[in-house]
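Taking it in order: structure first as structure tokens, then the write-up.
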Amino acid sequence: MKQGTAARTRHFDLIVIGAGPAGAAAARTAAVSGLQVALVDKRRFPRPKLCGGGITGRAMGHYRRIFGDALPDIPLVTCDRFSFFGFGQDLGLTTGVAPLYLGMRHALDATLVAQALDAGAADFTGQGGALDTGDNCLTLNGLRLIAPLIIAADGVNSPTARQLFGQAFDRDRIGFALEVEHPETDTTAPVRIDFGAADWGYGWRFPKASGTTVGIGGVMARNADMKSALAAYQQRLNLPGDLPVKGQFLPFGAFRSVPGKGRILLAGDAAGLVDPITGEGIGHALLSGELAARAAITALSRAAPDQALAHYCHALKPTHQGLRHACLLRNIMFRERLRPAFIRSFRSSRTLRTEYFRLMAGETEYGPLMRHMAGRLPGFALKVLRGI
Ligand SMILES: Cc1cc2nc3c(=O)[nH]c(=O)nc-3n(C[C@H](O)[C@H](O)[C@H](O)COP(=O)(O)OP(=O)(O)OC[C@H]3O[C@@H](n4cnc5c(N)ncnc54)[C@H](O)[C@@H]3O)c2cc1C
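Under my numbering, the first residue of the sequence shown is numbered 24, with each subsequent residue one higher.
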């Protein structure tokens, strides 16, 4: 690293803003490859983070590749029993499929940050900054960090996306989720998923080592009173409804097709990368952080930082395609006219459920899953599916 000419300026190859899964993955990938990286977050870790903490096999695969360990060293419940409900109807228990790993995000994220710092990223956590997008300079308490490339992984409310595009997300398409942490736990209980617990969304009950996380999430514009929907859901699960409720936007289904501008790349929630059906964002955050870092590594090795965004867009194509397919499938699942066909298919077809779990394990994609479904759906649904 060059020391800056000004006393309070430090030059890096890459600045990563936001140290959640996307930022930690980006910083770790870049630092391992030898880049000089600054990892910045306005919070110190561990910090609270509202999330179900459900880590799919697909996400765990990304974790293993990027961080090199089999599993993060945090309390995790490994669950391979899933109880599905759809619009109040019992869709059955599925067992013996690829597991979901359940943990608390404050612990997961602290581990990921520690692993990024161990790889050599410089620690600027606990400091918020002012970004000058003109010269890629971030000012933190009088210290100027400068780099030819920036990866902004600063979450769903991304101040960087707001600076670049005027808004962090589209309010007409954004999702919203509410969660409650119940202190009781039964780690032998199945994971429970209720499609339709929120309108164009679902509810979840996740058993954890330290308690049970219960939540609902759906398209915000369709859920004027999500608090009442959560109260009704907790009542259905025979859980007390008097615990503190927390809420957060969920950018599902409205990703940015060009995630960045100039020499600033957006990753994770800041790029809108959450699965519109499962609400899964940790896996996409890890992967997009890694891909953004790889794009930076390639562009810098060619002394062409202006090309990083194009490399990144190319690498993200399969992820974007999967999210487009998932949006189409969501149109089928939640459209009232098509619901009965969806419920019938999901309940009666073991193959369909197995394919869904293979998807969450990272063994298949939405395209093949939807082709499998197509044979079971009426003509109208096939029109919705046109294009896969
Ligand atoms: C209620 C709820 C439940 C969910 N459940 C699941 C689930 O079970 N499984 C799953 O896979 N996904 C789930 N998600 C989605 C998942 O939480 C996100 O997709 C994931 O956290 C995205 O990671 P990220 O690194 O992009 O952003 P984040 O994890 O949000 O990290 C962003 C970081 O940026 C920092 N930051 C923000 N602004 C600044 C700034 N100005 N300067 C510096 N740093 C800044 C923040 O402090 C934060 O550390 C859920 C989301 C919600 C809301």
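We put the beta carbon where it would ideally sit given N, CA and C, even for glycine.
Check                                                                                                                                                                                        : Outcome
For Q271, which option in L361, A327, G178 and E313 has the closest C-alpha, if you only look at C-alpha atoms?                                                                              : G178
Excluding the 5 residues preceding and the 5 following P391 in the sequence, name in chain order all residues of the same chain whose CB lies nearer than 7 Å to its CB.                     : none
Select from I300, S372 and T148 the residue whose C-alpha is nearest the C-alpha of G345.                                                                                                    : I300
In terms of residues, what are the limits of the beta strand (DSSP E) holding I305?                                                                                                          : Where I305 is concerned, there is no enclosing beta strand (DSSP E), although the alpha helix (DSSP H) it sits in stretches over I305 to S324.
Would you grab the beta carbon distance between G238 and E202 for me? Rounded to a whole angstrom, and I think it's under 8 Å.                                                               : 4 Å
Under 8 Å between the Cβ atoms of P230 and V100?                                                                                                                                             : yes
Starting from the C-beta of R245, find all residues in its chain whose C-beta is less than 7 Å away, skip the five residues before and the five after it, and write them out in chain order. : D222 and W223
Once DSSP output is grouped into helix, strand and coil, what is the label at L58?                                                                                                           : coil
Rounded to whole angstroms, what's the CA-CA distance from A319 to P328? Just pull it up for me.                                                                                             : 7 Å
Rounded to whole angstroms, what's the CA-CA distance from L135 to G43? Just pull it up for me.                                                                                              : 8 Å
Could you compute how far the alpha carbon of A49 sits from the alpha carbon of Q59?                                                                                                         : 12 Å
Could you have a look at I366 and say whether DSSP puts it in helix, strand or coil?                                                                                                         : helix
Is the stretch 112 to 126 touching the stretch 78 to 97, taking contact as three or more C-beta pairs under 8 Å?                                                                             : yes
Count the other CB atoms within 10 Å of the CB of G306; is the residue buried (16 or more) or exposed (fewer)?                                                                               : buried
Thinking C-alpha only, which one of A290, T374 and T342 is nearest I38?                                                                                                                      : A290
Considering only heavy atoms of ligand 1, does any lie closer than 7 Å to the CB of E388?                                                                                                    : no
What did DSSP end up calling S181 once you bin it into helix, strand or coil?                                                                                                                : coil
Beta-carbon separation of F278 and G240 under 8 Å?                                                                                                                                           : no
One question on the structure: do K250 and L73 come within less than 8 Å of each other, judged by their Cβ atoms?                                                                            : no
One question on the structure: do A212 and A139 come within less than 8 Å of each other, judged by their Cβ atoms?                                                                           : no
Run the CB neighbour count on R353, radius 10 Å, all protein chains shown included, and call it buried at 16 or more, exposed below.                                                         : buried
Measure from the alpha carbon of R347 to the alpha carbon of each residue in F147, Y389, S311 and G312, then state which is nearest.                                                         : Y389
T301 by DSSP, collapsed to three states: which one?                                                                                                                                          : coil
Which whole-angstrom value describes the C-beta separation of H85 and L296, a residue pair presumed to lie in contact below a C-beta threshold of 8 Å?                                       : Actually they are not in contact, since the Cβ atoms of H85 and L296 sit about 12 Å apart, beyond 8 Å.
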